[in-house]
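Listed in order, the protein sequences are those of chains A and B. Quick note on my numbering: the first sequence kicks off at 481 and runs consecutively. Quick note on my numbering: the second sequence kicks off at 2 and runs consecutively. Note that the Cβ used here is the ideal one computed from N, Cα and C, for glycine as well. Read the structure below first, then the notes.
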Amino acid sequence: MAKVTLTVNGRTMSGECDDRTLLVHFIREKLGLTGTHVGCDTTQCGACVVHMDGRSVKSCSILAVQASGSTVTTIEGIAAQGELHPVQAAFNQHHGLQCGFCTPGMVMTAVDMIARHGGALDEATVRHELEGNICRCTGYHNIVRAVLAANEEMHGAARQAAE
Amino acid sequence: MYATSYHRASSVGEAVNLRASHDEGRYVSGGMTLIATMKQRLAAPSDLIDLRHIADMKGVSVEGRSVRIGAATPHADVAASAALRAVCPAICQLAGMIGDPHVRNMGTIGGSVANNDPAADYPSAVLALNATVVTDRREIAADDFFLGMFDTALEEAEMITAIRFEAPEKAGYAKFPNPASRYAITGVFVAKTADGARVAVTGAGSSGVFRVAEMEAALSAAWSPESVAGVSVDPAMLMSDLHATAEYRANLVRVMAKRAVLASL
Numbered sequence: 481m482a483k484v485t486l487t488v489n490g491r492t493m494s495g496e497c498d499d500r501t502l503l504v505h506f507i508r509e510k511l512g513l514t515g516t517h518v519g520c521d522t523t524q525c526g527a528c529v530v531h532m533d534g535r536s537v538k539s540c541s542i543l544a545v546q547a548s549g550s551t552v553t554t555i556e557g558i559a560a561q562g563e564l565h566p567v568q569a570a571f572n573q574h575h576g577l578q579c580g581f582c583t584p585g586m587v588m589t590a591v592d593m594i595a596r597h598g599g600a601l602d603e604a605t606v607r608h609e610l611e612g613n614i615c616r617c618t619g620y621h622n623i624v625r626a627v628l629a630a631n632e633e634m635h636g637a638a639r640q641a642a643e
Numbered sequence: 002m003y004a005t006s007y008h009r010a011s012s013v014g015e016a017v018n019l020r021a022s023h024d025e026g027r028y029v030s031g032g033m034t035l036i037a038t039m040k041q042r043l044a045a046p047s048d049l050i051d052l053r054h055i056a057d058m059k060g061v062s063v064e065g066r067s068v069r070i071g072a073a074t075p076h077a078d079v080a081a082s083a084a085l086r087a088v089c090p091a092i093c094q095l096a097g098m099i100g101d102p103h104v105r106n107m108g109t110i111g112g113s114v115a116n117n118d119p120a121a122d123y124p125s126a127v128l129a130l131n132a133t134v135v136t137d138r139r140e141i142a143a144d145d146f147f148l149g150m151f152d153t154a155l156e157e158a159e160m161i162t163a164i165r166f167e168a169p170e171k172a173g174y175a176k177f178p179n180p181a182s183r184y185a186i187t188g189v190f191v192a193k194t195a196d197g198a199r200v201a202v203t204g205a206g207s208s209g210v211f212r213v214a215e216m217e218a219a220l221s222a223a224w225s226p227e228s229v230a231g232v233s234v235d236p237a238m239l240m241s242d243l244h245a246t247a248e249y250r251a252n253l254v255r256v257m258a259k260r261a262v263l264a265s266l
């Protein structure tokens, strides 16, 4: 057994698990944060995407012990004071989901993508960057719309703040 | 996944000692192949020695035309390195085509080269760039490193610490990716070096990455996509699987070689 300590959504959390325990199972079963989903379990679908030390990763393909000591953000950690994160709000407004199973991974991917591109996102880039996330309901059009709308919202707000 | 014991190394020396004391152990870096393989119970190392926290093994440094990429540098960092892009943009483009953004944040160049998957991207760059594979105990020329499918010159417990090469005059990479995995069904890396052209093919060969002497001769004479258009590769040395036949791959080698040269111009 290993002791794993993570800073999850701003709080230090510890738990014991086997060395072979996957990060996604640790998050869901030991920490009780079930927003992060297990979809394909083979690094294809992206339902398990979380941020580890500021980078988006697939938590079904990382051992919890590999992540120990890192800072992790899950889907539960992005809304502030009960207000949806702009990406969550955009998925809601643009109907960027149907069954919702892939949505936590899509949202975490979009948050990372928007941060990394600093506002310079176009449709082709969004589609290219979503290659690690699979949605079997929407056909992606509304997801792409939601990501672009959130990007505009966030960087529009940043521009206003700077003026 | 079978049970395993995890160890985190903070230096190259510590990692090698840990590995040497566990006969059935394996090094793990990003783990984007190894963890998946363990989940399928196709690998069951007794111990995992994690290399991801060894500071000396991370990062890209460029001095003049000399490039050193630490083995534990993730693909995303290679893709995003402005210093590397200034001298050898082809390898940044290659890194940006591996897997997906999340895989690129974890997977490392050292892991990819050490694994020598016949469909991995990096082995073609390492071979075409005439790179040097630096390990904890020696330096190995790329021509001596790749021995066959999943087989390399690495000895038991030997680990890659860095990849070094001189930036070429020109280089390009083109691949025909598997639409699901993004692995190369066929990928070709071309480099125009001071000693002539080098062409390395991944994804296609039945013994892993290989060079194409006839294309190298043609490109050394004239660096142009037309130079490789007439060169054919014998399908007998290529893989056939559910993704593509050997004959189809033979055609892809030529097409990807043309595109790689075009990309370098």
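Neighbour-count burial assignment, residue i, 16 or more Cβ in a 10 Å radius
| i | result |
| --- | --- |
| A84(B) | exposed |
| K483(A) | exposed |
| G490(A) | exposed |
| H608(A) | exposed |
| G31(B) | buried |
| E156(B) | exposed |
| G26(B) | buried |
| E217(B) | buried |
| S67(B) | exposed |
| A561(A) | Ala is not the amino acid found at residue 561(A); the sequence shown has Gln there. So Q561(A) counts as exposed. |
| Y3(B) | exposed |
| Q94(B) | buried |
Boundaries of the alpha helix (DSSP H) in which residue i is found, first to last residue
| i | result |
| --- | --- |
| M532(A) | It is not in any alpha helix (DSSP H) - M532(A) instead sits in the beta strand (DSSP E) that spans 529-532. |
| F166(B) | Per DSSP, F166(B) belongs to no alpha helix (DSSP H); it is in the beta strand (DSSP E), 161-167. |
| V63(B) | That residue, V63(B), is in no alpha helix (DSSP H); its beta strand (DSSP E) goes 61-64. |
| G495(A) | Counting along the chain, G495(A) falls outside any alpha helix (DSSP H), though it belongs to the beta strand (DSSP E) covering 491-497. |
Limits of the beta strand (DSSP E) - the one that residue i falls within
| i | result |
| --- | --- |
| R535(A) | 535-538 |
| P584(A) | Where P584(A) is concerned, there is no enclosing beta strand (DSSP E), although the alpha helix (DSSP H) it sits in stretches over 583-597. |
| D51(B) | 48-51 |
| L148(B) | 147-149 |
| I186(B) | 185-194 |
| I99(B) | Careful: I99(B) lies outside any beta strand (DSSP E) and carries neither H nor E. |
Per-residue contacts from residue i into chain B (C-beta, under 8 Å)
| i | result |
| --- | --- |
| I542(A) | G32, I36, M107 |
Neighbour list for residue i in chain A, Cβ cutoff strictly below 7 Å
| i | result |
| --- | --- |
| D118(B) | By Cβ distance, chain A contributes nothing, its closest Cβ being about 14 Å from D118(B), past 7 Å. |
| H103(B) | G526, V529, S536, V537, K538, G612 |
| D51(B) | Q546 |
Nearest neighbour of residue i, chosen from the options [CA to CA]
| i | options | result |
| --- | --- | --- |
| A129(B) | M150(B), L155(B), A192(B) | A192(B) |
| T492(A) | G519(A), V518(A), V552(A), H597(A) | V552(A) |
| A10(B) | A37(B), R139(B), I186(B), L49(B) | L49(B) |
| R535(A) | T554(A), H517(A), C617(A) | T554(A) |
| E215(B) | G209(B), A230(B), S207(B), S208(B) | A230(B) |
| A245(B) | Q94(B), T187(B), L220(B) | T187(B) |
| T485(A) | V624(A), M532(A), V606(A), M634(A) | M532(A) |
Listed by chain order, chain A residues near residue i by CB distance under 8 Å
| i | result |
| --- | --- |
| T5(B) | D499, R500 |
| A181(B) | Q524 |
Under 7 Å from the C-beta of residue i: neighbouring residues of chain B
| i | result |
| --- | --- |
| A482(A) | Y7 |
| E609(A) | P102 |
Sub-8 Å separation of residue i and residue j beta-carbons
| i | j | result |
| --- | --- | --- |
| V529(A) | H103(B) | yes |
| D101(B) | E603(A) | no |
| A80(B) | G108(B) | no |
| E159(B) | D145(B) | no |
| M257(B) | F177(B) | yes |
| N116(B) | T34(B) | yes |
| R250(B) | A205(B) | yes |
Cross-chain neighbours of residue i in chain B, by beta carbon under 9 Å
| i | result |
| --- | --- |
| V624(A) | Within 9 Å Cβ-Cβ: nothing; V624(A) doesn't reach chain B, min ~15 Å. |
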